[in-house]
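The block underneath contains the structure these notes are about, expressed in structure tokens.
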Amino acid sequence: GLEETICTMKLKENIHDPSRSDIYTPEVGRITSLNSLNLPILKWLQLSAERGVLQNNALMVPHWNFNAHSIVYGCKGNAQVQVVDNFGNTVFDGEVSEGQIFVVPQNFAVVKRARGQRFEWISFKTNDRAMISPLAGSTSVLRAMPEEVLANAFQISREDARKIKFNNEQPTLSSGQSSQQMRDDA
Amino acid sequence: QQQNECQIDQLDALEPDNRVEYEAGMVETWDPNHEQFRCAGVAVARHTIQPNGLRLPEYSNAPTLMYIVEGEGMTGTLIPGCPETYQAPQQGQQHGQSSRFQDKHQKIQRFRKGDIIALPAGVANWCYNEGNSPVVTVTLLDVSNSQNQLDMYPRKFNLAGNPEDEFQQQQQQQSRGRRQSQQKSCNNIFCGFDTKILAEVFQVEQSLVKQLQNEKDNRGAIVKVKGDLQVIRPPRRQSERGFESEEESEYERGRRGRDN
Chain A
61 GLEETICTMK LKENIHDPSR SDIYTPEVGR ITSLNSLNLP ILKWLQLSAE RGVLQNNALM
121 VPHWNFNAHS IVYGCKGNAQ VQVVDNFGNT VFDGEVSEGQ IFVVPQNFAV VKRARGQRFE
181 WISFKTNDRA MISPLAGSTS VLRAMPEEVL ANAFQISRED ARKIKFNNEQ PTLSSGQSSQ
241 QMRDDA
Chain B
77 QQQNECQIDQ LDALEPDNRV EYEAGMVETW DPNHEQFRCA GVAVARHTIQ PNGLRLPEYS
137 NAPTLMYIVE GEGMTGTLIP GCPETYQAPQ QGQQHGQSSR FQDKHQKIQR FRKGDIIALP
197 AGVANWCYNE GNSPVVTVTL LDVSNSQNQL DMYPRKFNLA GNPEDEFQQQ QQQQSRGRRQ
257 SQQKSCNNIF CGFDTKILAE VFQVEQSLVK QLQNEKDNRG AIVKVKGDLQ VIRPPRRQSE
317 RGFESEEESE YERGRRGRDN
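Order-wise, the sequence lines are chains A and B.
Note that my numbering gives residue 208 to position 148 of the first sequence, counting from 1, and the numbers run on in steps of one.
Note that my numbering gives residue 192 to position 116 of the second sequence, counting from 1, and the numbers run on in steps of one.
Right, dumping it as structure tokens:
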């Protein structure tokens, strides 16, 4: 019977609770994902959601959604957001405030940075197992490449390739605080 | 797929419509707007990579099958979340140095004539020709696949360099973004981000970030590597005896026979 399957299917899950966070860095932020692994009905709907909080000018590292569009709604605070298309064009560069919404198309790269104390958002994603591919940090696509490939691709030394790969060890969230290495030599 | 895409009166055998030459190879594309391709919901490209040529890392909006028509080389597929399982030996620790800077990366695979390489949409990949003859590949992009939630046009996202989109010439009339892109000199996705933000994210100097954005790079999508590409990977001989399939072993035995 239906009453044992569909009718009793779990339809509700809370992703606001900080203790449920999947990614958490104190003073930086947290991200909670809800997908068909933790709410099976989402497999039917082919949708998923992500709740995020960034604190103290923190960043969510540039990344792309490789199997979904992402529709982002600002829940609290403000953020600086940049979205980049396949030609390297900045198709969005602006501030997103509470109550506003923006769309990040599949494969377009995006970076979010909290303006001030806090930015909170909810993302709806058009895949029940939406996944991101970060451009920086310990799980990044650049880190997955050999140093020599990076050195030849960007015409940089192997030493610089190592910096690109290993300087940021954080997986998804970055404190956004200037390090001593981050000198502006302009 | 829109209606009436497949009302085709006559089929033709088609040669590539467009060719873009790069420092160490070329990319030829068939017009993705041709009715045959619109009907099938696919786009096709042919890459030629010269010896020591490296096709820079890129990903596309569609799942891809790449067939190796000729040549041999190596390729890296960059799957987010997977560990860097190829690691340099940690010699540094023995000498009292940090092992932090020993290189490690995701798995690298050799390819040879006859191989098919499958890539999901949005998963980045690079290729290197380590043979003495050109590598020729034919790539099919299944733009009508459910993995592609963008439109039906093939889109290439460059992670490095400053290459053109080889499908651009056929599609330049069809999107505002393409017209915009013709006016700018930088095509990889780092170009669209603020330099300061990238410097923060990577925790490096802004001058190094500008190298990632690479505005002055005119080598294109396939670049020449000076010397051999030094990467971490198991020796060919070791793999032939331990881990490869029977068919692979025969291939390797053939190579061994020639060597002996």
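For glycine and all other residues, C-beta sits at the position ideal for the given N, C-alpha and C.
The structure displayed is predicted, hence computed values, not measured ones.
request  = Would you kindly work out how many angstroms separate the C-alpha atoms of Asp179 of chain B and Arg218 of chain A, rounded to a whole number?
outcome  = Your numbering for residue 179 of chain B matches position 103 in the second sequence. Your numbering for residue 218 of chain A matches position 158 in the first sequence. Across the structure, Asp179 of chain B and Arg218 of chain A are spaced so that their CA atoms are roughly 10 Å apart.
request  = Tell me whether Pro230 of chain B sits in a helix, a strand or coil according to DSSP, three-state version.
outcome  = Residue mapping note: residue 230 of chain B aligns to position 154 of the second sequence, counting from 1. Coil at Pro230 of chain B, not helix or strand.
ask   = Any chance the CB of Gly303 of chain B is under 7 Å from a heavy atom of the ligand ADP?
value = Of ligands this structure carries none, so the ligand ADP is not represented either.
query = Checking contacts by CB at 8 Å: is Ser315 of chain B closer than that to chain A?
reply = Sequence index remark: in the second sequence, residue 315 of chain B carries index 239 (1-based). With a pLDDT of 49 at Ser315 of chain B, under the threshold of 50, the predicted position of this residue should be treated as unreliable, though the coordinate-derived value follows. No, its Cβ sits nowhere closer than 8 Å to a Cβ of chain A.
query = How is the beta strand (DSSP E) around Val390 of chain B delimited, first residue to last?
reply = Residue 390 of chain B lies beyond the range of chain B shown here (77 to 336); nothing can be said about it.
request  = For the region 228-239 of chain B and the region 287-297 of chain B, state whether three or more C-beta atom pairs, one from each stretch, are separated by less than 8 Å.
outcome  = The region 228-239 of chain B, when compared against the region 287-297 of chain B, does touch it at the 8 Å Cβ threshold.
request  = Within the same chain, show all residues whose beta-carbon is closer than 8 Å to that of Ser81 of chain A, passing over the 5 residues directly before and after it, in chain order.
outcome  = Against the first sequence, residue 81 of chain A aligns to sequence position 21. The beta carbon of Ser81 of chain A is closer than 8 Å to those of Arg90, Ile91, Thr92 in its chain, skipping five residues each way along the sequence.
task = Under the assumption that Asn146 of chain A contacts Arg231 of chain B (Cβ atoms under 8 Å), give the Cβ distance between them as a whole number of angstroms.
result = As a working mapping, residue 146 of chain A is identified with position 86 in the first sequence. As a working mapping, residue 231 of chain B is identified with position 155 in the second sequence. With 8 Å as the limit, Asn146 of chain A and Arg231 of chain B qualify as a contact, their Cβ atoms being about 4 Å apart.
ask   = What runs of the beta strand (DSSP E), each 3 residues or longer, lie entirely inside the region 146-198 of chain A?
value = For the region 146-198 of chain A, whole beta strand (DSSP E) runs of length 3 or above, ordered along the chain, are 150-157, 161-164, 169-185, 192-194.
key: Limits of the unbroken alpha helix (DSSP H) element including Phe214 of chain A   = Position 154 of the first sequence, counted from the start, is the residue given in the question as residue 214 of chain A. Here the alpha helix (DSSP H) through Phe214 of chain A covers 207-214.
inquiry  = Short of 7 Å in beta carbon distance, which residues of its chain neighbour Phe152 of chain A, apart from the five on each side in sequence? Order them along the chain.
reply    = Position 92 of the first sequence, counted from the first residue, corresponds to residue 152 of chain A. Correct list, in chain order: Val141, Gln142, Val143, Phe162.
query = Along the region 108-142 of chain A, what residues have a CB closer than 7 Å to any CB found in chain B?
reply = Along the region 108-142 of chain A, going in chain order, the ones with a CB nearer than 7 Å to a CB of chain B are Leu119, Val121, Pro122, Trp124, Phe126, Asn127, Ala128, His129, Gln142.
message = Against chain B, which members of the region 183-207 of chain A pass a CB distance test of less than 9 Å?
response = Of all residues in the region 183-207 of chain A, Thr186, Asn187, Met191, Ile192, Ser193, Pro194, Leu195, Ala196, Gly197, Thr199, Ser200, Val201, Leu202, Arg203, Ala204, Met205, Pro206, Glu207 have a Cβ within less than 9 Å of some Cβ in chain B.
ask   = How many angstroms separate the CA atom of Ala211 of chain A from the CA atom of Arg122 of chain B?
value = Looking up residue 211 of chain A in the first sequence gives position 151. Looking up residue 122 of chain B in the second sequence gives position 46. A straight-line Cα-Cα distance of about 26 Å links Ala211 of chain A and Arg122 of chain B.
request  = Just the chain E side, please: which residues come within less than 9 Å of Asp218 of chain B by C-beta, in chain order?
outcome  = Judged by its chain identifiers, the structure shown contains no chain E, and its protein chains are A and B.
query = How many Å lie between Glu155 of chain A and Trp181 of chain A at the Cα?
reply = Within the first sequence, residue 155 of chain A is the residue found at index 95, counting from 1. Within the first sequence, residue 181 of chain A is the residue found at index 121, counting from 1. So the alpha carbons of these two residues sit roughly 13 Å apart.
message = For Gly198 of chain B and Asn127 of chain A, which I take to be in contact (beta-carbon distance under 8 Å), what is that distance rounded to the nearest angstrom?
response = The residue given as residue 198 of chain B occupies position 122 in the second sequence. The residue given as residue 127 of chain A occupies position 67 in the first sequence. Rounded, the Cβ-Cβ distance is 6 Å, consistent with contact.
key: Span separating the alpha-carbon of Gly152 of chain B from that of Gln185 of chain B   = Reading the second sequence from its first residue, position 76 is the one you call residue 152 of chain B. Reading the second sequence from its first residue, position 109 is the one you call residue 185 of chain B. The straight-line gap from Cα to Cα measures roughly 6 Å.
inquiry  = Would Asn128 of chain B and Lys300 of chain B be called neighbours here (beta carbons separated by less than 8 Å)?
reply    = As a working mapping, residue 128 of chain B is identified with position 52 in the second sequence. As a working mapping, residue 300 of chain B is identified with position 224 in the second sequence. In this structure, the beta-carbon distance from Asn128 of chain B to Lys300 of chain B falls below 8 Å.
inquiry  = So, under 8 Å CB-CB, Ala39 of chain A and Pro133 of chain B are touching, yes? Tell me the CB distance rounded to an integer number of Å.
reply    = Since the first residue of chain A shown is 61 and the last is 246, residue 39 of chain A is not available in this structure.
task = Determine the contact status of Ala204 of chain A and Leu154 of chain B, defining contact as a CB-CB distance below 8 Å.
result = Residue numbering aside, residue 204 of chain A sits at position 144 when the first sequence is read from its first letter. Residue numbering aside, residue 154 of chain B sits at position 78 when the second sequence is read from its first letter. A contact, by the Cβ cut-off of 8 Å.
message = Can you list, in chain order, the residues of its chain with a C-beta nearer than 8 Å to that of Arg222 of chain A? Leave out the 5 residues immediately preceding and following it.
response = Residue mapping note: residue 222 of chain A aligns to position 162 of the first sequence, counting from 1. For Arg222 of chain A, where only same-chain residues beyond five positions count, the Cβ hits under 8 Å are Glu207.
query = Roughly how many whole angstroms lie between the Cα atoms of Ala100 of chain B and Lys272 of chain B?
reply = Numbered from 1 along the second sequence, position 24 holds the residue referred to as residue 100 of chain B. Numbered from 1 along the second sequence, position 196 holds the residue referred to as residue 272 of chain B. Approximately 32 Å between the Cα atoms of the pair.
message = For chain B, check one thing: does any of its Cβ atoms lie closer than 8 Å to the Cβ of Asp220 of chain A?
response = One-based indexing of the first sequence puts residue 220 of chain A at position 160. At least one chain B Cβ lies under 8 Å of Asp220 of chain A.
Under 7 Å (Cβ pairs) to chain A, residues found in the region 85-118 of chain B = Using a CB distance below 7 Å, no part of the region 85-118 of chain B faces chain A.
task = Note down the Cα distance separating Met142 of chain B from Thr215 of chain B, rounded to an integer number of angstroms.
result = The count along the second sequence starts at 1 and reaches residue 142 of chain B at position 66. The count along the second sequence starts at 1 and reaches residue 215 of chain B at position 139. Taking the straight line joining both Cα atoms gives about 4 Å.
Chain A contact residues for Val301 of chain B, given Cβ-Cβ distances below 7 Å = Indexing the second sequence from 1 puts residue 301 of chain B at position 225. Residues of chain A with a Cβ closer than 7 Å to the Cβ of Val301 of chain B are, in chain order, Asn212.
inquiry  = Using CA atoms only, rank isn't needed, just tell me which of A:Met191, A:Gln177, A:Ala174, A:Met120 is closest to Leu97 of chain A.
reply    = For the purposes of this step, residue 97 of chain A is taken as residue 37 along the first sequence, with counting starting at 1. If we check each option's Cα against that of Leu97 of chain A, A:Met191 comes out closest.
request  = Kindly indicate which three-state DSSP category Ser209 of chain B falls into: helix, strand or coil?
outcome  = As a position in the second sequence, residue 209 of chain B is number 133, starting the count at 1. For Ser209 of chain B, the three-state secondary structure derived from DSSP is coil.
ask   = At a Cβ threshold of 8 Å, is Asn205 of chain B touching chain A?
value = Numbered from its first residue, the second sequence carries residue 205 of chain B at position 129. Residue-level contact by beta carbon fails for Asn205 of chain B and chain A, as no gap is shorter than 8 Å.
task = Round the Cβ separation of Asn227 of chain A and Gln279 of chain B to the nearest angstrom and send it over; I've been treating them as touching at under 8 Å.
result = As a working note, residue 227 of chain A is residue 167 in the first sequence. As a working note, residue 279 of chain B is residue 203 in the second sequence. Between Gln279 of chain B and Asn227 of chain A the Cβ distance is about 4 Å, and since that is below 8 Å, they are a contact.
Beta-carbon proximity list for Gln182 of chain B, same chain, < 8 Å, skipping 5 on both sides = Taking the first residue of the second sequence as position 1, residue 182 of chain B is located at position 106. So the list reads Gly152, Thr153, Leu154, Ile155, Cys158, Pro159, Glu160, Thr161, Tyr162, once near-sequence residues are dropped.
message = Pop quiz: Leu119 of chain A and Val277 of chain B are said to be a contact at Cβ under 8 Å. What is the actual Cβ separation, rounded to whole angstroms?
response = Here residue 119 of chain A refers to the residue found at position 59 of the first sequence. Here residue 277 of chain B refers to the residue found at position 201 of the second sequence. The Cβ separation is near 6 Å, so the contact holds.
request  = Please classify Gly159 of chain A: is it buried, with 16 or more other beta-carbons within 10 angstroms of its beta-carbon, or exposed?
outcome  = Position 99 of the first sequence, counted from the first residue, corresponds to residue 159 of chain A. Taking every protein chain shown into account, the CB of Gly159 of chain A has fewer than 16 other CB atoms within 10 angstroms, so this residue is exposed.
task = Within the same chain, show all residues whose beta-carbon is closer than 8 Å to that of Gly134 of chain A, passing over the 5 residues directly before and after it, in chain order.
result = Sequence index remark: in the first sequence, residue 134 of chain A carries index 74 (1-based). These residues qualify, in order along the chain: Val156, Ser157, Glu158, Gly159, Gln160, Ile161, Phe179, Glu180, Trp181.
message = If we define contact as Cβ-Cβ less than 8 Å, is Leu233 of chain A a contact residue for chain B?
response = As a first step, residue 233 of chain A is located in the first sequence; it is residue number 173 there, counting from the start. False, the Cβ-Cβ gap to chain B never drops below 8 Å.
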